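A.B. asks:
Chains as they are written, first to last, in my numbering: chain A, 1246 to 1474; chain B, 6 to 223.
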């Protein structure tokens, strides 16, 4: 069994137009920078992207948007991206806005083999339109469906050659659930270490969920709003 | 005199109790963190995956892997923990958060809240707001009583797209503290020097006014 790839170019083999991708990260925190850059180079198009946010104009998922590689975006908050606004308002981009917790749970459910579930978020709002609702314990809930992807592309701080992953601080966010929900999950890591180097007690994502892993380079780790005392 | 943003935050901080787990939204709610009473343990949750938010970092010490839900760089307190987004919303949806404080464009007398979308203007998305308002045990809205054009944000019915229904418990504005009851908005406290009639004038819905309404003690 070899899960280790040399770089993003090799790890992305088999990716094609029209596929559904999950991309980890919250804002620009914990995004798979190397793979995103490579996706932009590959010029594949008509992608459906599931990601909490849409990057900024010139970084992250924003670059794929700018080059019109996306057909549909499933996200909870897309505020920091002007090109996104333009494509959304002109109708070029199909957008499904999902409450953040529901998005996280739809991904978790997808990876855990749960096809659908009920949550209270969004009941009585416009996102409830067309959705089945049901009362539990005196409270109304909406039926929500699981999400999976052809490729889940995530980023961790440490990984080993078996695909075990450890995230850093708040860079975990959507990465941990997305790892479970890809038919093929590609993990890029800041440090790829030999088997036995990671403490099994500290693993966030067990290697079974990861099919391909590579050590990324030149991490920019851009900060959206640097706030200090 | 009407309260400023810090005054609103200061009054909301009086609602905190020792041991509370609290989620603070962006804007005025964030300021509540500055007024946590000395000696009281209040743990702040950030829905991107952090329990135990600390102060903003010192200059030059910002960590790109350590941000709050507003994507600002932060630090952690001793005893903090990190987790993924599904776990974070298990805390929220599961009712483990004691208090949620958030802003709003409009609140109705039934406790409905509109806070995420203005038709015709830019749509940014709801983020975690719908999850938070649908599951929090206690929701306080922090807002100015009227918008920039002087229109009341406290309505009979919300006119903007809703974030959640029948969920708001209290509203603290620059003019008053109001509780949501079965019968509608109940005026509980006045901002220092603001009269009951001034508050009613700034409120589209009818206020329930019982007895003398005390001034806030700040």
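All residues carry an ideal CB built from backbone N, CA and C; glycine is no exception. Just so we're clear, the structure is a prediction, and the values are computed from it rather than from any experiment.
(1) Name, going along the chain, the residues of the region 1352-1368 of chain A whose beta-carbon falls closer than 7 Å to a beta-carbon of chain B.
(2) Under three-state DSSP, which class holds residue 1381/A?
(3) Using a Cβ-Cβ cut-off of less than 8 Å, list which residues of the region 1401-1434 of chain A approach chain B; keep chain order.
(4) What did DSSP end up calling residue 189/B once you bin it into helix, strand or coil?
(5) Could you tell me the distance, in whole angstroms, from the CA atom of residue 71/B to the CA atom of residue 78/B?
(6) For residue 1215/A, tell me which candidate among 1451/A, 1277/A, 1349/A, 1321/A has the shortest Cα-Cα distance.
(7) Using the beta-carbon of each residue, which ones in chain B are nearer than 7 Å to residue 1471/A?
(8) Which of the three DSSP states is assigned to residue 1419/A in this structure?
(9) What three-state label does DSSP hand residue 1474/A in the structure shown?
(10) Among residues of its own chain, excluding the 5 on either side of residue 75/B, which ones have a beta-carbon nearer than 6 Å to its beta-carbon?
(11) Counting only Cβ pairs nearer than 7 Å, list the residues of chain B close to residue 1349/A.
(12) Under 8 Å, with one C-beta from each stretch per pair, do the region 1361-1378 of chain A and the region 1429-1449 of chain A reach the 3-pair mark?
(13) For a contact meaning CB atoms closer than 8 Å, what does residue 1466/A contact in chain B?
(14) For residue 1323/A, go through chain B and note every residue whose CB falls closer than 7 Å to its CB, in chain order.
(15) How would you call residue 44/B, buried or exposed, if buried means at least 16 neighbouring beta carbons within 10 angstroms?
(16) Mapping the DSSP letters down to three states, classify residue 120/B as helix, strand or coil.
(17) Are residue 1435/A and residue 1452/A close, meaning C-beta to C-beta below 8 Å?
(18) I'd like the span of the alpha helix (DSSP H) that includes residue 1469/A, first residue to last.
(19) Between 180/B, 62/B, 12/B, 25/B, which lies nearest to residue 152/B when the distance is taken from Cα to Cα?
(20) So, with DSSP's three-state summary, where would you put residue 28/B?
(21) At a CB-CB cut-off below 7 Å, which residues of chain A make contact with residue 61/B?
(22) For a contact defined as C-beta to C-beta under 7 Å, what are the partners of residue 1342/A on chain B?
(23) Residues in the region 1273-1292 of chain A with C-beta within 8 Å of chain B's C-beta atoms, listed in sequence order?
(24) Here's the rule: buried if 16 or more other CB atoms are within 10 angstroms of the residue's CB, otherwise exposed. What is residue 1468/A?
(25) Rounded to whole angstroms, what's the CA-CA distance from residue 1271/A to residue 1296/A? Just pull it up for me.
(26) Could you check what DSSP says for residue 1285/A in three-state terms: helix, strand or coil?
(27) Using the C-alpha atoms, what's the distance from residue 164/B back to residue 4/B?
(28) What separation, rounded to the nearest whole angstrom, lies between the Cα atoms of residue 1329/A and residue 1256/A?
(29) In whole angstroms, give me the CA-to-CA distance for residue 99/B and residue 64/B.
(30) Comparing the C-beta of residue 40/B with each C-beta of chain A, is any distance below 8 Å?
(31) Among 1378/A, 1250/A, 1304/A, whose alpha-carbon lies nearest the alpha-carbon of residue 1361/A?
(32) Considering only DSSP beta bridges, list what residue 1412/A is partnered with.
(33) Which two residues bound the contiguous alpha helix (DSSP H) that contains residue 15/B?
(34) Just to check, is the beta-carbon of residue 1399/A closer than 7 Å to a non-hydrogen atom of the ligand FAD?
(35) What are the boundary residues of the beta strand (DSSP E) that residue 1268/A is part of?
(36) Measuring straight from C-alpha to C-alpha, what distance separates residue 1559/A and residue 1455/A?
C.D. replies: On the basis of the coordinates in this document:
(1) Cβ contacts with chain B come from 1353, 1364, 1365, 1366, 1367, 1368.
(2) strand
(3) Within the region 1401-1434 of chain A, contact with chain B at the beta-carbon level (separation under 8 Å) is assigned to 1402, 1412, 1413, 1414, 1415, 1416, 1417, 1418, 1419, 1420, 1421, 1422.
(4) In this structure, residue 189/B counts as strand in the three-state DSSP scheme.
(5) In a straight line, the C-alpha of residue 71/B is about 6 Å away from that of residue 78/B.
(6) Coverage of chain A is limited to positions 1246 through 1474, which leaves residue 1215/A absent and any answer about it impossible.
(7) 67, 78
(8) coil
(9) coil
(10) The beta carbon of residue 75/B sits closer than 6 Å to the beta carbons of 31 from its chain, once the five residues preceding and following it are set aside; these are given in chain order.
(11) 90, 91, 94
(12) No, because fewer than three Cβ pairs between the region 1361-1378 of chain A and the region 1429-1449 of chain A fall closer than 8 Å, the two stretches do not touch.
(13) 69, 70
(14) Neighbours of residue 1323/A in chain B, taken as residues whose beta carbon is under 7 Å from its own, are 129, 130 in chain order.
(15) exposed
(16) coil
(17) no
(18) Premise fails: residue 1469/A is in no alpha helix (DSSP H) and is neither H nor E.
(19) 180/B
(20) strand
(21) 1472, 1473, 1474
(22) 130, 131
(23) Listed by position, the residues of the region 1273-1292 of chain A near chain B (Cβ gap below 8 Å) are 1273, 1274, 1275.
(24) buried
(25) 8 Å
(26) Looking at residue 1285/A - three-state DSSP - the assignment turns out to be helix.
(27) What the structure shows of chain B is the stretch from 6 to 223, and residue 4/B is not part of that stretch, so it cannot be assessed.
(28) 27 Å
(29) Computed Cα separation, rounded: 37 Å.
(30) no
(31) It is 1378/A.
(32) Beta-bridge pairing links residue 1412/A to no other residue.
(33) 10-18
(34) With respect to the ligand FAD, the structure shown offers nothing to examine, as it has no ligands at all.
(35) 1265-1268
(36) This structure cannot speak to residue 1559/A, because chain A is shown only from 1246 to 1474.
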